[in-house]
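Reviewing the structure listed below.
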Amino acid sequence: MKNIKNGSFICIAALFLLFPCGNLSYGQSGLQTVQEEEAQGVPEETASLTALRGIIQIMEEIQGQIAVKKNELAGITEQEQRIEIIKEIEKLKEHLNTSRENFEEIATGLDLKMFDAKPQKQFEWKEEAQVLIGPIINELKSITARPRLIENLRTQVSYHEKKIQFVKNALRNIQELTAHVHDELLKKQLIALEHEWYNKGKQCSTELTIAKYQLAEKESEKKSLLESSQKLVKGFFKSRGKNFIFSIIAFFSVFFLLRYIHRYVYRSSSVYKSVKHSFYVRLAEVFYHIATFIGATSALLIVLYISGDWVLLGLAFIFIFGMIWTAKQTLPRFYEQCKLLLNLGTVRENERVIYNGLPWRVASLNLYTYLVNPELKGGMLRLPIRELEGIRSRQFHKDEPWFPSKENDWVILADGTLGNVVIQTPEIVKLLVIGGSDKTYSTVEFLQQKPINISTVFCLHITFGVDYQHQAISTSEIPGILREIILKELSKSGYEKDINSIVVEFKEAGSSSLNYSILANFSGRVARDYYKLSRAIQKIAVDACNKHGWTIHFTQITLHNAEKPQPKRVLPQNTKHERY
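In terms of the numbering used here, the sequence shown opens at residue 77 and continues consecutively.
Laid out in structure tokens, this is it:
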């Protein structure tokens, strides 16, 4: 029952927002007219008849005036007076025709222009564009009237100054020529020409003075940029601001109302929740999102249309046309986003994606997509659908890990750091290392360190060697004795319950020692003592060697003396060799 009431309220609110306030520009005058009609109590038919009677009286008066003018015309012989009276008669006839048209329109209740209009044979797009853009151009011209007037006055000043200079040059040339002329007739003509150019210069000087005065007056009215902006804004809101504000309010009201309806149905409808992953539901959502934008835009245009503000309406159409033209370039991208919304793209709901180097589960695929990583604190991202372009998702197994560690786990990193995970988020991982200090990694850097999680179980691998003099018992006695001693000593140290296994095996015969591999497997409860246990096992092995007299090998360096070269035997020069 509560849902039904809420739905009714939403529908009523939508109707009020789609038709917010009737005629915004002349709504007050219409209200006054209605109030006057209610006060007078005059029905509509009576008002029409009264108007028709008034028009008939006007037509009779005009016809009488025409008759009087015709009588006057018959008794006048002067041509100028006859022309004036004929013009007056033509004007009276125009008024008479207008009154007849008004009479027919009121009597028929129709617009007679539609009846008399001829079908347009050819569409003149230039004329139509001029009709559409004309009011906008006129509005821009009115806004820029003052600076254009100032610039025009400056041009006039410069023009008249050039003309005056031209006149001065002409007068100087005429005067020089007159001074050398002795012919009286020619001199008389030159003096007359000089007087004519003098009058031209005087006229130009007067026009220059007027232009300078007007320019100085306009420039004295010049205000600061802030004052001019304030005046422009005040003028805008005084003339068109109300319509602009109401149209913007209508746009956002309808937009958010339709978004609220969608969210209300999305969250509260049990039927929707059961089928929300259906393809047809997703298709309906895509159309709903498109209809939301169209509805909000329609509300804006309706308000401007009702208010009769053609300038803002034209600007709105130009803006919408520009958006559509721009959208043409992004149509392939829009198509891919629609595929994502329909769950037909490269990313799909309830699949696994890698975003910014981290694994995420696509929890919800919509205009704003939610990605979730359950192992990270704050592991939910809200992304616009465009961020998923170029990403691919895949199905995942329920046993796949979402992160190599959890909070309070002990990990060993590639750089040798042993630490307890204090917090892990989509941005950082903070470790508490031995000694109590914190070490922080970015989450991506933490993964690059290839962490080894030792919180469940871990194994220590230690290599230990004895001297070759114990070769006789190296494979038979030493491994067992060493294992028993290590197990016994670790149990004494309190690790008995955490030891899973101890294995001591002969590993290899090294260059200077017989090496053993000690494999100690522990429970994750003692992960904190990872390095401590490694040192303890080394100590126990050394103690065992001391106890049983096993010599621990050490690196030896053998030096070999090189043989001295034998001196070459030299025979005396006078020695004779005999051949036997």
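Backbone N, C-alpha and C define an ideal beta-carbon position, used for all residues, glycine too.
**Study point:** Spatial distance of threonine 406 from leucine 391 (CA atoms)
**Key:** Locating residue 406 in the sequence shown gives position 330, counting from the first residue. Locating residue 391 in the sequence shown gives position 315, counting from the first residue. Going by the C-alpha atoms only, they are around 23 angstroms apart.
Exercise for review: Give the secondary structure of phenylalanine 582 by DSSP, where H, G and I count as helix, E and B as strand, and everything else as coil.
Suggested key: Walking along the sequence shown from the start, residue 582 turns up at place 506. Reduced to three states, the DSSP call for phenylalanine 582 is strand.
Check your understanding: Looking at C-beta atoms only, is the number of pairs between the segment 518 to 528 and the segment 545 to 560 that lie closer than 8 angstroms three or more?
Key -> no
Exercise for review: Could you name each continuous alpha helix (DSSP H) segment of 4 residues or more that falls completely within the segment 543 to 571, going from the start of the chain to the end?
Suggested key: 554 to 566
Point to revise | Residue closest to serine 329, alpha-carbon to alpha-carbon, out of Glu293, Ser374, Gln155 and Ile366 | key: Here the question's residue 329 lines up with position 253 in the sequence shown. Taking only the C-alpha atoms, the option nearest serine 329 is Ser374.
Review point. Taking the continuous beta strand (DSSP E) assigned at aspartate 514, which residues delimit it?
Key: Here residue 514 refers to the residue found at position 438 of the sequence shown. Looking at the DSSP string, the run of the beta strand (DSSP E) that includes aspartate 514 is 514 to 518.
Practice item. Compare the C-alpha of asparagine 228 against each of His258, Gln290 and Asn173 and name the closest. Key: Looking up residue 228 in the sequence shown gives position 152. Considering only alpha carbons, the answer is Gln290.
Review point. Pick from Trp386, Ile378 and Thr493: whose alpha carbon is nearest that of lysine 526?
Key: One-based indexing of the sequence shown puts residue 526 at position 450. For lysine 526, the nearest C-alpha among the options comes from Thr493.
Exercise for review: Whole angstroms is fine: what's the gap from phenylalanine 534's alpha carbon to isoleucine 461's?
Suggested key: In the sequence shown, residue 534 corresponds to position 458, counting from 1. In the sequence shown, residue 461 corresponds to position 385, counting from 1. If I take the Cα positions, the gap works out to 43 angstroms.
Review point. Skipping 5 residues on each side, what residues in its chain have a beta carbon closer than 6 angstroms to that of isoleucine 80?
Key: For the purposes of this step, residue 80 is taken as residue 4 along the sequence shown, with counting starting at 1. Legend: pLDDT at isoleucine 80 = 39, less than 50; position of this residue unreliable, no value from coordinates given.
**Study point:** DSSP-derived helix/strand/coil call for alanine 490
**Key:** Taking the sequence shown and counting its residues from 1, the one referred to as residue 490 is at position 414. Correct three-state label for alanine 490: coil.
Review point. If you compare alpha carbons, which of Val498, Ile538 and Arg339 is closest to leucine 609?
Key: As a working note, residue 609 is residue 533 in the sequence shown. Among Val498, Ile538 and Arg339, the Cα nearest to that of leucine 609 belongs to Ile538.
**Study point:** Boundaries of the alpha helix (DSSP H) in which threonine 282 is found, first to last residue
**Key:** If you number the sequence shown from 1, residue 282 lands on position 206. 260 to 296 is the span of the alpha helix (DSSP H), which, as asked, contains threonine 282.
Point to revise | Cβ neighbour criterion (16 or more within 10 Å) applied to asparagine 529 | key: Counting from one through the sequence shown, the residue named residue 529 turns up at place 453. Counting Cβ neighbours within 10 Å, asparagine 529 comes out buried, since at least 16 surround it.
Exercise for review: Give me the Cβ distance between isoleucine 226 and leucine 284, rounded to the nearest whole Å; I'm assuming they're in contact under 8 angstroms.
Suggested key: What you label residue 226 is simply residue 150 of the sequence shown in a count that begins at 1. What you label residue 284 is simply residue 208 of the sequence shown in a count that begins at 1. About 16 angstroms separates the two Cβ atoms, so there is no contact after all.
Review point. Secondary structure at lysine 81, three-state DSSP: helix, strand or coil?
Key: The residue you call residue 81 lines up with position 5 of the sequence shown. Confidence at lysine 81 is low in this model, with a pLDDT of 40, below 50, so its placement is unreliable and the value that follows should be read with caution. Helix, per DSSP.
Review point. Hey, lysine 145 and glutamate 164: beta-carbon distance below 9 angstroms or not?
Key: One-based indexing of the sequence shown puts residue 145 at position 69. One-based indexing of the sequence shown puts residue 164 at position 88. Result yes, Cβ atoms of lysine 145 and glutamate 164 sit closer than 9 angstroms.
Check your understanding: How long is the line joining the alpha carbons of serine 296 and glutamate 237, rounded to whole angstroms?
Key -> Stepping through the sequence shown from its first residue, residue 296 is reached at position 220. Stepping through the sequence shown from its first residue, residue 237 is reached at position 161. So the alpha carbons of these two residues sit roughly 22 angstroms apart.
Review point. Between which two residues does the alpha helix (DSSP H) carrying valine 387 extend?
Key: Your numbering for residue 387 matches position 311 in the sequence shown. Here the alpha helix (DSSP H) through valine 387 covers 386 to 405.
**Study point:** Extent of the continuous beta strand (DSSP E) to which lysine 482 belongs
**Key:** Numbered from 1 along the sequence shown, position 406 holds the residue referred to as residue 482. From DSSP, lysine 482 is part of no beta strand (DSSP E); its letter is neither H nor E.
Exercise for review: Could you please give the first and the last residue of the uninterrupted beta strand (DSSP E) stretch that includes arginine 468?
Suggested key: Counted from its first residue, the sequence shown places residue 468 at position 392. That residue, arginine 468, is in no beta strand (DSSP E); it is neither H nor E in DSSP.
**Study point:** Bridge partners - threonine 445, DSSP secondary structure assignment
**Key:** By one-based count along the sequence shown, residue 445 stands at place 369. According to DSSP, threonine 445 bridges with Leu459.
Review point. If asparagine 579 sits next to leucine 590, beta carbons under 8 angstroms apart, how far is it from one beta carbon to the other, in whole angstroms?
Key: For the purposes of this step, residue 579 is identified with residue 503 of the sequence shown, where counting begins at 1. For the purposes of this step, residue 590 is identified with residue 514 of the sequence shown, where counting begins at 1. The sequence given here places valine at residue 579; asparagine does not occur at that position. Contact flag wrong, Cβ pair sits at about 17 angstroms.
Review point. Of all Cβ atoms in chain B, is any one closer than 9 angstroms to the Cβ of glutamate 521?
Key: Here there is only one protein chain, and chain B is not present.
Check your understanding: Rounded to the nearest angstrom, how far is the Cβ of leucine 443 from that of arginine 358, given a contact under 8 angstroms?
Key -> In the sequence shown, the residue the question calls residue 443 occupies position 367. In the sequence shown, the residue the question calls residue 358 occupies position 282. Actually they do not touch by this definition, with Cβ atoms about 12 angstroms apart.
Practice item. For the beta strand (DSSP E) holding lysine 506, just list the boundary residues, first then last. Key: Position 430 of the sequence shown, counted from the start, is the residue given in the question as residue 506. Residues 504 to 509.
Exercise for review: Spatial neighbours of aspartate 574 within its chain, please: CB distance less than 7 angstroms, with the 5 preceding and 5 following residues excluded, ordered by chain position.
Suggested key: The residue given as residue 574 occupies position 498 in the sequence shown. The residues are Phe598, Ser599, Arg601 and Val602.
**Study point:** Minimum C-alpha distance to proline 435 - residue among Phe395, Phe479 and Leu416
**Key:** Within the sequence shown, residue 435 is the residue found at index 359, counting from 1. Here the closest residue by C-alpha is Phe479.
Check your understanding: Going by the CB atoms, is the gap between valine 429 and arginine 458 shorter than 9 angstroms?
Key -> For this step, residue 458 is matched to residue 382 along the sequence shown. For this step, residue 429 is matched to residue 353 along the sequence shown. No, Cβ-Cβ distance for arginine 458 and valine 429 is not below 9 angstroms.
Check your understanding: With distances taken between CB atoms, is the gap from threonine 368 to phenylalanine 331 smaller than 9 angstroms?
Key -> Position 292 of the sequence shown, counting from 1, holds the residue named residue 368. Position 255 of the sequence shown, counting from 1, holds the residue named residue 331. Yes, these two residues count as a Cβ contact at 9 angstroms.
Check your understanding: In whole angstroms, what is the alpha-carbon distance linking alanine 585 and asparagine 576?
Key -> Along the sequence shown, read from residue 1 onward, the residue named residue 585 stands at position 509. Along the sequence shown, read from residue 1 onward, the residue named residue 576 stands at position 500. So the alpha carbons of these two residues sit roughly 28 angstroms apart.
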